[in-house]
Amino acid sequence: MNLIEPVILTGAVVGGVMGAVWGFASGVGWAVGGLLAGVVLGALTGPLLLLLLAGVFSLVERGRRRAREAPPEKPR
């Protein structure tokens, strides 16, 4: 199992639960609709959010490290 599969499954579960809980206040039909929409949208947005978070983290981490390094000296 790769890293992407647990992220998709976790996003689907969290999205489904959130959609069902928020939809339950309006009725059972809205809860089922929220569950299905949450599963689909959670599975689609979870990997995208993970990639965005990883990109920002690596940009900040590598950018700070390169800024502290001394420039290379020219050979004589």
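For the sequence shown, this note's numbering begins at 57 and goes up steadily by one. All C-beta atoms in this analysis are idealised placements derived from N, C-alpha and C, irrespective of residue type, glycine included. Model, not experiment: these values are computed from the prediction.
Extent of the continuous alpha helix (DSSP H) run through residue i
i	result
Glu129	No alpha helix (DSSP H) contains Glu129, which DSSP labels as neither H nor E.
Ala68	60-80
Residue i in three-state terms, based on DSSP
i	result
Gly83	coil
Anticipated Cβ contact below 8 Å, residue i with residue j, distance rounded
i	j	result
Ala87	Gly67	Rounded, the Cβ-Cβ distance is 19 Å, inconsistent with contact.
I'd like to know if the segment 105-112 and the segment 73-89 are in contact, where contact means that at least 3 CB-CB pairs between them fall below 8 Å.
no
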